[in-house]
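Student:
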Amino acid sequence: MRTLWMALCALAHLWPGALGGCAEAGRCCPGRDPACFARGWRLDRVYGTCFCDQACRLTGDCCFDYARACPVPAFITTSAFNKERTRQAASPQWSTHTEDAGYCMEFKTESLTPHCALENRPLTRWMQYLREGYTVCVDCQPPAMNSVSLRCSGDGLDSDGNQTLHWQAIGNPRCQGTWKKVRRVDHCSCPAVHSFIFI
10 MRTLWMALCA LAHLWPGALG GCAEAGRCCP GRDPACFARG WRLDRVYGTC FCDQACRLTG
70 DCCFDYARAC PVPAFITTSA FNKERTRQAA SPQWSTHTED AGYCMEFKTE SLTPHCALEN
130 RPLTRWMQYL REGYTVCVDC QPPAMNSVSL RCSGDGLDSD GNQTLHWQAI GNPRCQGTWK
190 KVRRVDHCSC PAVHSFIFI
């Protein structure tokens, strides 16, 4: 069986388009979306229709490249939210210096959905200020920071500056887009309208 699988993989490289998948189709969709599919190898080693929506992990019909092509997005909200929430220790493992425990990631926005500009509710109005090509700062602080890794989910710290990363706005799951990492800094210094926090 393993020999057959290796032979199929080798043949797939000789036949253009045989691998298919989410990256080639340019598909990644939130939630359950039956229209978010591609042709290619599934993780269960079946060739045919495979899916690129978040629900594919539960149904087991993801395309072979789903994890790479559709990474977990960074969930962000306005930095003004940080002033509203109480900074309570997420775990007893946190030191008493939680205010100084974080870091800031700078990203250059590459794309965003039109749904961001349509937001007009009081707590989501900040989404209107998101623009392609702008540098934004995203603060990683407890309780969003993992107490073991001391990192925030979706921070892109391990990516190079050429890798496209995904983000999604809290308060409107249809407001999402992509960005590329610029750098990590100790403290955020972007204007307030371009300053966010990881959730």
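Residue numbering for the sequence shown is 10 to 208, as defined by my numbering. All C-beta atoms, glycine included, are put in the ideal place defined by N, C-alpha and C.
Would you check if the segment 61 to 76 and the segment 41 to 48 touch, i.e. whether three or more CB-CB distances between them fall below 8 Å?
Tutor: Yes, since at least three Cβ pairs between the segment 41 to 48 and the segment 61 to 76 fall closer than 8 Å, the two stretches touch.
Student: Express the C-alpha separation of Ser162 and His203 in angstroms, rounding to a whole number.
Tutor: The alpha-carbon atoms of His203 and Ser162 are separated by roughly 19 Å.
Student: To which residues of the same chain is Thr173 closer than 7 Å at the C-beta, ignoring the five residues directly before and after it?
Tutor: Correct list, in chain order: Glu119, Thr187, Lys189.
Student: Given this structure, state the Cα-to-Cα distance separating Gln150 from Trp176, to the nearest angstrom.
Tutor: In a straight line, the C-alpha of Gln150 is about 17 Å away from that of Trp176.
Student: To which residues does DSSP link Ser120 through a beta bridge?
Tutor: Thr187.
Student: Check whether the Cβ atoms of Ala78 and Gly40 lie closer than 9 Å to each other.
Tutor: Contact: no.
Student: Do you know offhand how far Ser198's Cα is from Ala89's?
Tutor: Rounded to whole angstroms, Ser198 to Ala89 spans 14 Å at the Cα level.
Student: Label Val145 either buried or exposed according to how many other C-beta atoms from any shown protein chain fall within 10 Å of its C-beta, with 16 as the threshold for buried.
Tutor: Under this definition Val145 is a buried residue.
Student: Can you give the Cα-Cα distance for Tyr143 and Trp135, rounded to whole angstroms?
Tutor: Between Tyr143 and Trp135, the C-alpha separation is close to 15 Å.
Student: Under 9 Å between the Cβ atoms of Gly148 and Gly180?
Tutor: Looking at the sequence provided, one finds Asp at residue 148 rather than Gly. Contact: no.
Student: So is Leu132 buried or exposed if we call it buried at 16+ other beta carbons inside 10 Å?
Tutor: Exposed.
Student: Go ahead and pull the three-state DSSP assignment for Ala153.
Tutor: Coil.
Student: Just the Cα atoms here: how many angstroms apart are Ala76 and Cys61?
Tutor: Near 9 Å, if we compare the C-alpha coordinates of Cys61 and Ala76.
Student: Among the residues of its own chain, which have a CB less than 8 Å from the CB of Asp169, if the five just before and after it don't count?
Tutor: Lys190.
Student: Skipping 5 residues on each side, what residues in its chain have a beta carbon closer than 6 Å to that of Thr58?
Tutor: Cβ within range, chain order: Phe46.
Student: Using 10 angstroms around the beta-carbon of Arg36, count the other beta-carbons present and answer buried if the total reaches 16, otherwise exposed.
Tutor: The residue is buried, with at least 16 neighbouring Cβ atoms inside 10 Å.
Student: For Ala83 versus Asp164, is the C-beta spacing smaller than 9 Å?
Tutor: The answer is yes: Cβ separation under 9 Å.
Student: Who are the near neighbours of His106 in its chain, counting only those whose CB is closer than 6 Å to its CB and skipping five residues on each side?
Tutor: Residue confidence is low: His106 scores 46 on pLDDT, short of 50, so the model does not pin down where it sits. Its coordinate-derived value is still stated next. Cβ neighbours of His106 beyond the five flanking positions: none.
Student: Express the C-alpha separation of Glu128 and Cys184 in angstroms, rounding to a whole number.
Tutor: Computed Cα separation, rounded: 9 Å.
Student: Reducing DSSP to helix, strand and coil, say where Val194 ends up.
Tutor: Note: Val194 maps to strand in three-state DSSP.
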